[in-house]
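Reading through the structure tokens given below for one structure.
Numbering (the working numbering), first residue to last: 1 to 410.
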């Protein structure tokens, strides 16, 4: 535990006060203008005071017309920058770092939002009957690709102006940059598709241009899949090659995760035992990668117990990312530092439809986040079916509001 609570100096010379990070969770708590709400501020103030050395926001979108879901935050201009400044301030109350996770959904955009879905190729999501919940994707033009790259740069510059200490570029979980990396969703035959180098081009362009646009002490990180866990898709060998290239691009942290909407392994399930492999989902790959790169590696997935945290730290991983457990106990890092081992966890959702089960689990987490933002204790007994219905009802209500806002802008 001495390692976990020791400072970590990043490649750009800045220092995390400890090696525990609050990993990204999609809160969907934005105000109607897609800016951080008071609910969201309260959440992050609590996490800052809870003892994590690094907070990573949930998805902050680079385009207000391309959202992962209703109630999302977008940062594309300085019109409401003051609200982001307030968010940055409260999220760093205890002297921790606070980075915005910046993202574009690509084809993973809900039909109910009424916006077109852009993607490397016109390959729809394969979710069976649930596929209709997502807009049919359109293959991006060169102009649209350049626009997206520029948007990542703009959002990063605005994040620095607002007072955040860094950004994390989201290239995992089946979102746009991840879609370009996968040969299953990227069928292009131009400079943006084909071999792995071409499929990685947009990610490398975003990273290089963001790094050049912000100050040296502003942290730039990447979230990458270790694999997308689909036959013929992006795999560990591909991820190793991408990490080797990123190592030469002056980035400060690489977070490893896995999966997508089609294969939602990143949602995970509570361990049915206490084995390290079941609780730290991607540890073996992260340990191997940490040996061959000079960039600190962050591992997220299932970490919640003291013993697991200790073993993750001993493996050579630089930062342990915790998500779901912090939705249940925001001061978990402080509790672990005091020598406690509360082991907060949710019950498994064991439905036959794995995609629907993953969605229900995500809604249970959002249910807990909403309670936390209102100053209430978690309710672990909530039925997944109830949380799912409540989440869908709330999402539909927010989607209608979003469509109305978009109509007013046009």
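By construction, the Cβ of each residue, glycine as well, lies at the ideal position given by its N, Cα and C atoms.
- 11 is the residue among 3, 282, 7, 11 whose C-alpha sits nearest the C-alpha of residue 248.
- Secondary structure within the stretch 158–229: the beta strand (DSSP E) runs of 3 or more consecutive residues, fully enclosed, are 166–171, 219–225 (chain order).
- Annotated as distal: residue 167 and residue 87, with beta-carbon spacing of 8 Å or more.
- In the DSSP assignment, residue 393 falls outside any beta strand (DSSP E) and lies within the alpha helix (DSSP H) extending over 384–409.
- Along the length of the stretch 286–332, whole beta strand (DSSP E) runs at least 3 residues long occupy 297–300, 319–322, reported in chain order.
- For residue 352, the three-state secondary structure derived from DSSP is coil.
- In this structure residue 224 is in contact with residue 254, their Cβ atoms being roughly 6 Å apart against a cut-off of 8 Å.
- Per DSSP, the unbroken beta strand (DSSP E) holding residue 58 starts and ends at 54–61.
- Contact annotation, residue 154 with residue 60: C-beta distance approximately 12 Å; criterion of less than 8 Å not satisfied.
- Taking a contact as a CB-CB distance under 8 Å, the pair residue 304 and residue 345 counts as one, their CB atoms being some 6 Å apart.
- In the pairwise beta carbon analysis, the stretch 115–125 is classified as not touching the stretch 77–92: fewer than three pairs are separated by under 8 Å.
- An exposed status is given to residue 376, since fewer than 16 other beta-carbon atoms sit within 10 Å of its beta-carbon.
- The shortest C-alpha to C-alpha distance from residue 129 to any of 329, 262, 164 is the one to 262.
- Straight-line spacing of the CA atoms in residue 236 and residue 293 works out to 15 Å.
- C-alpha of residue 319 to C-alpha of residue 20: approximately 6 Å in a straight line.
- Here the stretch 348–363 does not lie against the stretch 55–73, with fewer than 3 beta-carbon pairs under 8 Å apart.
- Taking each of 40, 42, 127, 3 in turn and checking the Cα distance to residue 353, the smallest one comes out for 127.
- Residue 104 and residue 176 do touch by the CB rule: their CB atoms are close to 4 Å apart, below 8 Å.
- Counting C-beta pairs with one atom in each stretch, the stretch 368–382 and the stretch 323–337 have three or more that are closer than 8 Å, which means they touch.
- According to DSSP, residue pairing for residue 73 in a beta bridge involves 60.
- Here residue 92 is near residue 48, since their CB atoms are less than 8 Å apart.
- DSSP places residue 110 in the strand class (E or B) of the three-state scheme.
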